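First residue of the sequence shown: 15, per our numbering; consecutive thereafter.
No residue lacks a Cβ here, since even glycine has one placed at the ideal position from N, Cα and C.
Predicted model, so just to flag it, every value in this text is computed and none were measured.
Just below is one structure, and these are the notes that go with it.
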Amino acid sequence: MEKLTRVEGVAVPLRRSNVDTDQIIPAEYLKRVTKTGYDDALFAAWRTRPDFELNQPQFANPRILLAGADFGTGSSREHAVWALRDFGFRAVIGPRFGEIFRGNAGKQGLLVGVVSEADIEQLWAQADADPASGVVDLVERVVTVGDVTRPFEIDDYTRWRLLEGLDDIGLTLQHEGDITAFEQRRASWRPTTLPIQHGTR
15 MEKLTRVEGV
25 AVPLRRSNVD
35 TDQIIPAEYL
45 KRVTKTGYDD
55 ALFAAWRTRP
65 DFELNQPQFA
75 NPRILLAGAD
85 FGTGSSREHA
95 VWALRDFGFR
105 AVIGPRFGEI
115 FRGNAGKQGL
125 LVGVVSEADI
135 EQLWAQADAD
145 PASGVVDLVE
155 RVVTVGDVTR
165 PFEIDDYTRW
175 RLLEGLDDIG
185 LTLQHEGDIT
195 AFEQRRASWR
205 PTTLPIQHGT
215 R
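Structure, rendered in structure tokens:
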């Protein structure tokens, strides 16, 4: 997973609360078996409307989503995070999130930061005036849009994983030496973990 310290680019104000994962990516797109290629599925139902935020030219090529309260609630689906990433988003800032969505995001390299409802209102107003001025600084834990800078909350463990670029596999590989030593001590008749053989099946 790529290390993430700072996100810069267009910030999109999504003035909607209770956006669940079915609205982020409808269930019909979950039949795909890959982890990429979901950019067409993101907010698919809403993107048919010309007035939807992502259809506005000033919000083209977005990197930061400024969400309303309770974003990412509903059923658990990693596809919601994949769709946001495939569309270009690297950070979602908002007042409250579905816990499973927030957990999935942290493991997939998508920064999710929590601000107050008063702060998101001010960030929305600035994004309308100057959407290209968005910056999310994970090191300092602040989000800036235009002249407005506000702190955001993110738990220390998720922040560390994002800064180090560690997904679940990366975390496991940090202990590769210990795993190998453990396997060498195990009785030969027990199941063992074998090294990856690249280029073979």
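How many whole angstroms separate the CB atoms of residue i and residue j, which I take to be in contact at a CB cut-off of 8 angstroms?
i      : j      : result
Lys17  : Gly179 : 4 angstroms
Pro76  : Phe115 : Not really, about 18 angstroms apart at Cβ, beyond 8 angstroms.
Pro27  : Asp142 : 6 angstroms
Ile168 : Arg155 : 7 angstroms
Alpha carbon to alpha carbon, what distance is there between residue j and residue i?
i      : j      : result
Gln136 : Val162 : 7 angstroms
Leu152 : Arg200 : 42 angstroms
Gln37  : Ser89  : 11 angstroms
Tyr52  : Trp60  : 15 angstroms
Met15  : Asp100 : 14 angstroms
Arg150 : Gln198 : Note that residue 150 is Val in the sequence shown, not Arg. Computed Cα separation, rounded: 45 angstroms.
Leu56  : Gly108 : 18 angstroms
Gly86  : Leu44  : 16 angstroms
Arg175 : Arg46  : 27 angstroms
Leu187 : Thr172 : 18 angstroms
Glu113 : Val157 : 21 angstroms
Asn69  : Gln211 : 45 angstroms
His10  : Asp54  : There is no way to answer for residue 10, as the model of the chain reaches only from 15 to 215.
Ala195 : Pro209 : 13 angstroms
Pro145 : Ser130 : 20 angstroms
Ala41  : Glu67  : 22 angstroms
Could you tell me which residues DSSP pairs with residue i in its beta bridges?
i      : result
Arg173 : Answer is none; Arg173 lacks a bridge partner.
Ile107 : Leu80 and Gly127
Val95  : In DSSP, Val95 forms no bridge with anything.
Pro205 : Paired residues: none, contrary to the question.
Leu27  : Going by the sequence as given, residue 27 is Pro instead of Leu. Answer is Leu80, bridged to Pro27.
Asp151 : Arg20 and Val156
Glu167 : Val128
Thr50  : Paired residue(s): none; Thr50 is not in a bridge.
Thr87  : Asp34
How about residue i and residue j: are their beta carbons less than 8 angstroms apart?
i      : j      : result
Ile193 : Thr206 : no
Val128 : Phe166 : yes
Arg91  : Ile39  : yes
Val95  : Ala119 : yes
Val159 : Ala74  : no
Lys121 : Asp65  : no
Thr19  : Leu177 : yes
Val21  : Leu125 : yes
Gly23  : Gly148 : yes
| query | Counting Cβ pairs, one atom from each stretch, are 3 or more of them under 8 angstroms apart for the segment 81 to 90 and the segment 30 to 40? | reply | yes
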